[in-house]
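Asks: Sequence lines, in order, name chains A and B. Under the working numbering, think of the first position of the first sequence as -10, with each following residue one higher. Under the working numbering, think of the first position of the second sequence as 26, with each following residue one higher. Think of the CB as a built atom: it goes at the ideal place given N, C-alpha and C, for glycine as much as any other residue. This is the structure I have questions about; it appears just below.
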Amino acid sequence: MTHTLHRKGIEKDLNRDYVILAMISAGVNDHYDDVRQKMVKIGEIFNEHNPINIMSELGWRTSATITAAYNDIEIVNKIIQILKEEDLGISIVISGLISEIENVLKEVDLDIHTVHFSLGTFGHRKNEILPSEKLLEITTMCGHHTVSPQSITHYVNLIKRGKTTIEKAASKLTRPCVCGIVNTSRIIEILATLVKE
Amino acid sequence: MDIEIDTCNGCGQCAIVCPVQAIQMIDNKAVIDEESCVECSVCYRDANCPVKAIKIRRLKWPRAIRVPFSNVRVTHKLTGIGGRGTEEMKTNDVTNRFDFGEVGISIEVGRPGIGTRLENIELFTTKLSKIGVSYEEKSPITELLVDDEGHINEEIKDQRVLSAIIELKVPEKKLSQILEVIKQVEQEIDTVFSVGIVSRIKDNNTKEIINRISELGFEVRPNAKINIGLGRP
């Protein structure tokens, strides 16, 4: 699943956008008696480190994956150190800037196993049919595309008219994402830019 | 999805949340464009309809195929997980699906957020099959292929979905041929698609594969997904 791969944005903004995912493999390591306990443990570790967003606790207890979003690479560093020490045997994937993640892994003394690189978006009609880059920066934060571009425009208009605040709008836009990977703090920054336009 | 027209009070919340703009307000009533609707159920879950006018209806084949490709809450019978992809590289430290000397390719047709008719899959798969590729067995798209030439089931070609991911792998030496297919289809397709390349990394050297992709005329984005090798079988 490409899920967190194609998040849009420029480097300086993506430096405040990281997702950590834990996943068990069907038929390979999902059958052990303690696997659910380990997944809950991972959910607790994610939760203890100020996630901007995180999958629900029900998900920790039932899903093959657990996900959480962070806006600080130092927090990602701490979490990875703990996961290394805990040695739970569950696959961990970090989504974010390659250069920053490489630095974290060097500091924690872990090797890169596999990378999924994004080559971006294609299609000769893309400039004609895609929403603006700023809207895409928000919509692409939900890997299953549950955040509609027109809902962003709707809230920008409400904010400009004083009917809601940037923070409340960001919270509403975060809600459709069931995986908990939409970065609310980034949405706040982007809405602040859109409101000024 | 269905909206009970007599119950609808015209608040427009469903039209606002629909990811593919399939709901329009006509004479103060919400109306779903059946062709555009991908059956993702976001309207049902997130519109907060004050009069509960939105209903999930039981779908028949072939329209029912829209659901697993569009609704994140639905678990696909092949993958056992929600969403329309497989474990892919996320568990590669455990499965070794992608080995050294191989590259994985993900082509997500319809991403970001435009959607696609399933017939667009054939634009890729008929060309890819000529190269000789290994499609991911557990992929919902692979299940739809009906022959070795990359044709998909005729019955579902005109069904529209939020996105559909073609997952495959090839020996690294075939990467240039795959990227040629990307360039060709880019000029033919009426929607958008997003491309990813999976690579096993030796000695933390990501530059080698990034440079190779760059030499083939494609730019690698600065953000990626990195499996850090903590998983065990």
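If you reduce the DSSP assignment to three classes, tell me which class A:G48 lands in.
Replies: In this structure, A:G48 counts as helix in the three-state DSSP scheme.
Asks: Locate the beta strand (DSSP E) running through B:T17, then write down its first and last residues.
Replies: Because chain B in this structure spans residues 26 to 258, residue 17 of chain B falls outside the shown range and cannot be described.
Asks: What does B:C43 reach in chain A if we use C-beta pairs closer than 7 Å?
Replies: Chain A residues near B:C43: S137.
Asks: Using the Cβ count rule (16 or more neighbours within 10 Å means buried), how would you classify A:N18?
Replies: Its Cβ being crowded by 16 or more others within 10 Å, A:N18 is buried.
Asks: Compute the beta-carbon to beta-carbon distance between B:I226 and A:T103, rounded to the nearest angstrom, for a pair I have assumed lies under 8 Å.
Replies: That pair is a contact at about 6 Å.
Asks: Looking only at DSSP bridge pairs, what is A:Y59 linked to?
Replies: Paired residues: A:Y7.
Asks: Ordered along the chain, which non-local residues of its own chain (more than five positions away) have a Cβ less than 7 Å from that of B:T167?
Replies: Contacts found: Y160 and E161.
Asks: Take every Cβ of the stretch 178 to 195 of chain B, pair it with every Cβ of the stretch 75 to 91 of chain A, and state whether three or more of those distances are shorter than 8 Å.
Replies: Cβ pair count under 8 Å is below three, so no.
Asks: Would you call B:Y69 buried or exposed, if buried means 16 or more other Cβ atoms sit within 10 Å of its Cβ?
Replies: Looking at its Cβ environment, which holds 16 or more other Cβ atoms inside 10 Å, B:Y69 is buried.
Asks: Could you compute how far the alpha carbon of B:K250 sits from the alpha carbon of B:T32?
Replies: Their backbone Cα atoms lie some 45 Å apart in a straight line.
Asks: Quick one: grab the DSSP three-state call for B:Q49.
Replies: In the structure shown, B:Q49 sits in a strand (DSSP, three-state: E or B).
Asks: If I measure Cβ to Cβ from B:C43 and keep anything under 7 Å in the same chain, skipping five residues before and after, which residues do I get?
Replies: If we look at B:C43 and ignore the five residues flanking it on each side, its Cβ neighbours are V67 and C68.
Asks: Going along the chain, which residues of its own chain have a beta-carbon closer than 7 Å to the beta-carbon of A:K73, five neighbours each way excluded?
Replies: For A:K73, where only same-chain residues beyond five positions count, the Cβ hits under 7 Å are V97 and L99.
Asks: Could you check what DSSP says for A:G109 in three-state terms: helix, strand or coil?
Replies: Three-state DSSP puts A:G109 in a strand.
Asks: Quick one: give me the first and last residue of the beta strand (DSSP E) that B:P196 is part of.
Replies: From DSSP, the beta strand (DSSP E) with B:P196 extends over A189 to P196.
Asks: Our contact map puts A:V145 next to A:L180 with C-beta atoms below 8 Å; I'd like the distance itself, whole angstroms only.
Replies: About 7 Å; that satisfies the 8 Å criterion.
Asks: Just to confirm my understanding: we take B:R257, look at its own chain, exclude 5 residues before and 5 after, and list those with CB closer than 7 Å. What are they?
Replies: Excluding positions up to five away in sequence, the list reads V119.
Asks: Taking all protein chains shown into account, do 16 or more other C-beta atoms lie within 10 angstroms of the C-beta of B:P196, making it buried, or fewer, making it exposed?
Replies: It counts as exposed.
Asks: First and last residue of the beta strand (DSSP E) that includes B:V134?
Replies: From DSSP, the beta strand (DSSP E) with B:V134 extends over E127 to V134.
Asks: Check whether the Cβ atoms of B:V259 and B:I238 sit closer than 9 Å, and answer yes or no.
Replies: Only positions 26 to 258 of chain B appear in this structure, which leaves residue 259 of chain B out of reach.
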